[in-house]
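Listed in order, the protein sequences are those of chains A and B. Using the working numbering, read the first sequence as starting at 524 and increasing by one per residue. Using the working numbering, read the second sequence as starting at 524 and increasing by one per residue.
Protein chains: 2
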Amino acid sequence: MPAMSIMSPSGELEPILNKTMADIVEARLREYIRTKNYKPGDALPTEMELAEGLGVSRNVVREALSRLRMLGIIETRKKRGMVITQPDILGSFEKVLDPIMIDEATMRDIFELRLVLEMGLPDLLFPRLTEAHVTELEKIAREEQATDNFRIQNEIAFHGKLYEITGNNTLKRFQSLLLPIFAYVITLEEKPTRGKISHSGLVELLKTGNKEAFRQGMLEHLRPHFDRLEHPTPGE
Amino acid sequence: MPAMSIMSPSGELEPILNKTMADIVEARLREYIRTKNYKPGDALPTEMELAEGLGVSRNVVREALSRLRMLGIIETRKKRGMVITQPDILGSFEKVLDPIMIDEATMRDIFELRLVLEMGLPDLLFPRLTEAHVTELEKIAREEQATDNFRIQNEIAFHGKLYEITGNNTLKRFQSLLLPIFAYVITLEEKPTRGKISHSGLVELLKTGNKEAFRQGMLEHLRPHFDRLEHPTPGE
Chain A
524 MPAMSIMSPS GELEPILNKT MADIVEARLR EYIRTKNYKP GDALPTEMEL
574 AEGLGVSRNV VREALSRLRM LGIIETRKKR GMVITQPDIL GSFEKVLDPI
624 MIDEATMRDI FELRLVLEMG LPDLLFPRLT EAHVTELEKI AREEQATDNF
674 RIQNEIAFHG KLYEITGNNT LKRFQSLLLP IFAYVITLEE KPTRGKISHS
724 GLVELLKTGN KEAFRQGMLE HLRPHFDRLE HPTPGE
Chain B
524 MPAMSIMSPS GELEPILNKT MADIVEARLR EYIRTKNYKP GDALPTEMEL
574 AEGLGVSRNV VREALSRLRM LGIIETRKKR GMVITQPDIL GSFEKVLDPI
624 MIDEATMRDI FELRLVLEMG LPDLLFPRLT EAHVTELEKI AREEQATDNF
674 RIQNEIAFHG KLYEITGNNT LKRFQSLLLP IFAYVITLEE KPTRGKISHS
724 GLVELLKTGN KEAFRQGMLE HLRPHFDRLE HPTPGE
């Protein structure tokens, strides 16, 4: 295999404090894969070749490779050894999104991020909306009126459907990953707040085909959340 | 330490095909941390205790712990051993966002996601906009007019500043992570397309204080990208 160095290829000095050998080797391997222009399906040198190339122990290489496997960058295939794969870009994101471990500032950031997504969604939603979609949304809104109280499940069903309609799987999955954080913030409230416009109201606006009217409706629907934002965040 | 099992705690049968021992132990440790309600700063049992609790080798536990360390869920501290930390939720996301490895459908998804963010941004931007921010944006727009051609650097400077103004660090960082994908898609175009409204035009709209006028300006600014979306995506 080509010569590799454990040094940063830029030749710049970088802080290595608090970095383990596995951190360094993991970063070097990711960089190696990038600069070699490896494509999904390409085979990687063996563990032993990598250890020799980097001048480190096989244990360290194995540890770094295990991390790349977790990230979905490589996988082990019978007879072919390690090959490059198409990573699941949201896979590891999912593993760290736990409200217990996320600090309050980040949770507030994520909450705001979700509001931004909802307000920008109409531009993706309207070009792809069909009559069948409207019928599905009507059904969800009708079913929740039967229960007549605020339920996080209703929120998930209705808004999740809006994301689904866009046909954008990454976006849909991203919002579903953010849901636990969103639900957590909502449950911290003394009593859940509701905007003036209900899900049924939003469906009516969708049916008019007027994107901007729908967006204003969404703003009213989310108004209680936006009202809390108006004040500059502490620490600014 | 409390009894742990390598089995799924739900007792359900789950597919274990293609899973390595490290995958299984990693998942069990994440679950253990969650169910134990560990908070940042809390100490984790030792490597040996975890290996005994799970009935697996220390090597496998070490491999799984290395992954948790990469995710930023734990860190090793002198004298205290392994402690729970607040993970950097976008850290691993960053490691897999490489245009070379991401498939086309996901890249298109990410491109659309960025458009959604831009269209939803005004609701976060306007409540936090100051005169100093407007001056900074004017400066950026003026400087790019001196160069008078489409430069990805100008896009990054102007739109990046809009995200910065929201004061939402997660959002700002998230969009900067998406930039390489965005830039990659743009460079695939035969010639970069520009909307009718320039960055200077957007600043003028910001100054009017009219959020919806600004949003419509942003739509015009991004129009060439949106026009390509109107057609349903292939495979639908």
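Glycine included, C-beta positions come from ideal geometry on N, C-alpha and C.
CA-to-CA distance, residue j to residue i, given in whole angstroms
i, j, result
"A:Arg751", "A:Glu659", "32 angstroms"
"B:Glu586", "A:Lys662", "48 angstroms"
"A:Ile679", "B:Gly683", "31 angstroms"
"B:Leu620", "A:Pro610", "9 angstroms"
"B:Lys618", "B:Gln698", "15 angstroms"
"A:Gly564", "A:Thr608", "6 angstroms"
"B:Lys542", "A:Thr599", "11 angstroms"
"B:Glu727", "A:Leu652", "33 angstroms"
"B:Ile720", "A:Gln676", "41 angstroms"
"A:His748", "A:Glu572", "55 angstroms"
"A:Ile597", "A:Lys562", "11 angstroms"
"B:Met524", "B:Ala574", "Confidence in B:Met524 is poor, its pLDDT being 47 and thus under 50, which makes the residue's placement unreliable; the coordinate value appears in the next sentence. Roughly 11 angstroms between the two C-alpha positions."
"B:Pro568", "B:Gly578", "14 angstroms"
"A:Lys695", "A:Arg551", "33 angstroms"
"A:Glu735", "B:Glu735", "9 angstroms"
"A:Ala706", "B:Glu554", "20 angstroms"
"B:Glu654", "B:Lys730", "9 angstroms"
"A:Gly690", "A:Val657", "15 angstroms"
"A:Arg674", "A:Glu667", "9 angstroms"
"B:Leu725", "B:Phe649", "13 angstroms"
"B:Lys601", "A:Lys559", "38 angstroms"
"B:Leu711", "B:Arg631", "12 angstroms"
"A:Glu681", "B:Arg581", "Inspection of the sequence shows that residue 681 of chain A is occupied by Phe rather than by Glu. If I take the Cα positions, the gap works out to 46 angstroms."
"A:Leu588", "A:Asn733", "51 angstroms"
"A:Ile547", "B:Gly576", "30 angstroms"
"B:Glu627", "B:Glu570", "41 angstroms"
"A:Gly604", "A:Leu685", "42 angstroms"
"A:Leu613", "B:Ile612", "11 angstroms"
"B:Ala566", "A:Ala566", "40 angstroms"
Residue-chain proximity (residue i, chain A), Cβ-Cβ < 7 angstroms
i, result
"B:Val606", "no"
"B:Ser615", "yes"
"B:Glu627", "no"
"B:Gln609", "yes"
"B:Met624", "yes"
"B:Asp750", "no"
"B:Met593", "yes"
"B:Val657", "no"
"B:Leu647", "yes"
"B:Pro747", "no"
"B:Thr756", "Here B:Thr756 scores only 45 on pLDDT, less than 50, and its place in the model is too uncertain to base an answer on."
Contact check, residue i vs residue j, beta carbons under 7 angstroms
i, j, result
"A:Glu549", "A:Arg590", "yes"
"B:Met544", "B:Val583", "yes"
"B:Thr693", "A:Thr693", "no"
"A:Gly718", "A:Glu743", "yes"
"B:Val639", "A:Leu647", "yes"
"B:Ile633", "B:Leu701", "yes"
"A:Pro645", "A:Arg738", "yes"
"A:Pro622", "A:Ile704", "yes"
"A:Ser723", "A:Ala669", "no"
"A:Gly643", "B:Met642", "yes"
"B:Leu636", "B:Ser615", "no"
Test: residue i CB closer than 7 angstroms to a CB of chain B
i, result
"A:Glu635", "yes"
"A:Met642", "yes"
"A:Ala545", "yes"
"A:Leu728", "no"
"A:Ile720", "no"
"A:Val619", "yes"
"A:Ile612", "yes"
"A:Val548", "no"
"A:Met741", "no"
"A:Gly732", "no"
Residue i: CB within 6 angstroms of a non-hydrogen atom of the ligand FAD
i, result
"B:Thr658", "Judged by which ligands are present, the structure shown has none, so any question about the ligand FAD falls away."
Q | Positions along the region 684 to 709 of chain B whose CB lies within less than 8 angstroms of some CB in chain A | A | Thr689, Gly690, Asn691, Asn692, Thr693, Leu694, Phe697
Q: Output the residue ranges of the beta strand (DSSP E) runs that lie fully inside the region 669 to 712 of chain A and measure 3 residues or longer, sorted by chain position.
A: none
Q) Which parts of the region 540 to 625 of chain B are runs of the alpha helix (DSSP H), unbroken and 4 residues or longer, counting only runs that do not cross its ends? A) 544 to 558, 570 to 577, 581 to 594, 614 to 619
Q: Report the residues of the region 574 to 591 of chain B with a CB closer than 7 angstroms to any CB of chain A, ordered along the chain.
A: Glu586, Ser589, Arg590
Q) Any residues in the region 554 to 574 of chain A with a beta carbon nearer than 9 angstroms to a beta carbon of chain B? Which ones, in chain order? A) Ile556, Arg557, Asn560, Tyr561, Lys562, Pro563
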